[in-house]
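**Q** My questions all concern the structure below.
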Amino acid sequence: MDFFRWFLQNFGLFFGPVFLIYLFLMTRRVILLYDYLRHVPGQADQAMLFLEPLFERLRYSASKGRDNATFAVDAIWAEIDCRVMVHFQAISGYVSTLILIGFAGTIFGSIGAFNEMFQGLAKGKAAALVFAGSWDKGLSTALYTSLGAAVMGGLVLTLMGSRFLLSRAKRFEAMVSIRVCDILDKEAS
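Here the sequence shown is numbered in the numbering used here, starting from 4 and rising by one per residue.
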């Protein structure tokens, strides 16, 4: 509970919940993406289990004639886009938006801090009191939103680019391509 109080106090009542929501959304997408890719490359059959009905349709279409098989292959790639690649796009969008929100927090926090400083100096307060007041009235929001956006965005982009996500997705695509070729070759002979 102390963490949430500190978080809301330093990130602000608007930017704090927004950061927490975006952290939840990004974490959720990464988990969903990892659920699809966790068996890659070791257990190819397990990784492609959700595509099995489409592979069956491809086998049937290929046995009837190669022209029909093209549509089944397109359906396989569309299913991969809907189930796997859409998460990469969503995470990328979340990171981009989060960076903009961090920048907006920097601007709003700085405005609040400067406002507090100028009001304090106009009232003849000591510089130490003015600075302490400006920290509470916006400077912390400005600094923490910038730092939070950079850290969260950097961690997610690093995770996406690491072997855990992007390279597994590329391996998954290669595994599906090989399976499609095997099905078409088997049915052609």
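Backbone N, C-alpha and C define an ideal beta-carbon position, used for all residues, glycine too. In this text the structure is predicted, and so the values were computed from the model without any measurement.
1) Please report the distance separating the alpha-carbon of Phe-6 from that of Phe-18.
2) So, helix, strand or coil for Pro-56, using DSSP?
3) Determine the DSSP secondary structure at Lys-189, reduced to helix, strand or coil.
4) Which class does Phe-117 belong to by DSSP, given the choice of helix, strand or coil?
5) Is the beta carbon of Gly-141 closer than 8 Å to that of Ile-102?
6) Look up Met-88 in the DSSP assignment and say whether it is helix, strand or coil.
7) Between which two residues does the alpha helix (DSSP H) harbouring Leu-198 extend?
**A** On the basis of the coordinates in this document:
1) Distance between the alpha carbons of Phe-6 and Phe-18: 15 Å.
2) In the three-state scheme derived from DSSP, where H, G and I count as helix and E and B as strand, Pro-56 is classed as helix.
3) The answer is helix: DSSP assigns Lys-189 an H, G or I state.
4) Phe-117 falls in the helix class under three-state DSSP.
5) Between Ile-102 and Gly-141, the gap from beta carbon to beta carbon reaches 8 Å or more.
6) Met-88: helix per DSSP, three-state reduction.
7) Nothing can be reported for residue 198: it is not among the residues displayed for the chain, which extend from 4 to 192.
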